[in-house]
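Read left to right, the sequence shown gives residues 26 to 161 (the working numbering).
Even for Gly, the Cβ is constructed at its ideal location relative to N, Cα and C.
Since this is a predicted model, take the numbers as computed values, not measurements.
Notes follow the structure.
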Amino acid sequence: MKKEPLNQDSVREFIVAAHGNFDEVKKLLAAEPALLHSSINWGGDDWESALGAAAHTGRRDIAQFLLDRGARMDIFAAAMLGELPIIQAMLSACPSLLHAKGAHGIPLLRHAEMGGEPAFPVYEYIDKLLSEEAVL
Numbered sequence: 026m027k028k029e030p031l032n033q034d035s036v037r038e039f040i041v042a043a044h045g046n047f048d049e050v051k052k053l054l055a056a057e058p059a060l061l062h063s064s065i066n067w068g069g070d071d072w073e074s075a076l077g078a079a080a081h082t083g084r085r086d087i088a089q090f091l092l093d094r095g096a097r098m099d100i101f102a103a104a105m106l107g108e109l110p111i112i113q114a115m116l117s118a119c120p121s122l123l124h125a126k127g128a129h130g131i132p133l134l135r136h137a138e139m140g141g142e143p144a145f146p147v148y149e150y151i152d153k154l155l156s157e158e159a160v161l
């Protein structure tokens, strides 16, 4: 049986919370588990999920919480979390992802930067690939 679409105000509230309000994320997800896979179009084809929000704001705690509950890992979250083997595999399989933009047009390198020290190897790897590409 097909479920009804989520209320867009609830989706918006959840994704806004994922930018930094961990307690609110936990509360909203407990009340409506289907929010885990929700996303919103902010306009101009600017799509964002809660995991994407946590990734571009460097909220490792929120991102890991969402992943632990079944959120779908993407290249931006992997970059922020410092998951170098995932980044290497994805960029090897699809080199154009090096120039992919996340929510709000934020580039992959910036996501790695937001991950801080744990993501530094990913930052260096992406930066090296971009530098090598610029030389060509």
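- If only complete runs of 4 or more residues are kept, the region 34-118 shows the alpha helix (DSSP H) at 47-56, 75-81, 85-93, 100-106 and 109-118, in order along the chain.
- Under a 10 Å Cβ-count criterion, G77 is classified as buried, with 16 or more other Cβ atoms of the shown protein chains found around its own Cβ.
- In chain order, A80, H81, T82, G83 and M105 place their CB closer than 8 Å to the CB of M139, counting only its own chain and leaving out the 5 sequence neighbours on each side.
- The criterion of a C-beta distance shorter than 7 Å is satisfied by V50 and A43.
- The region 116-132 makes no contact with the region 87-94: fewer than 3 CB pairs, one atom from each, lie closer than 8 Å.
- When the alpha-carbon of P58 is set against those of L31, P143 and I65, the nearest one is in L31.
- Partner residues in a beta bridge of P143, as assigned by DSSP, do not exist.
- Remark: C-beta atoms of A96 and I40 do not approach each other more closely than 7 Å.
- DSSP places K126 in the strand class (E or B) of the three-state scheme.
- Classified as buried, V147 has 16 or more neighbouring CB atoms from the shown chains inside 10 Å of its CB.
- Looking at the DSSP output, P132 shares a beta bridge with K126.
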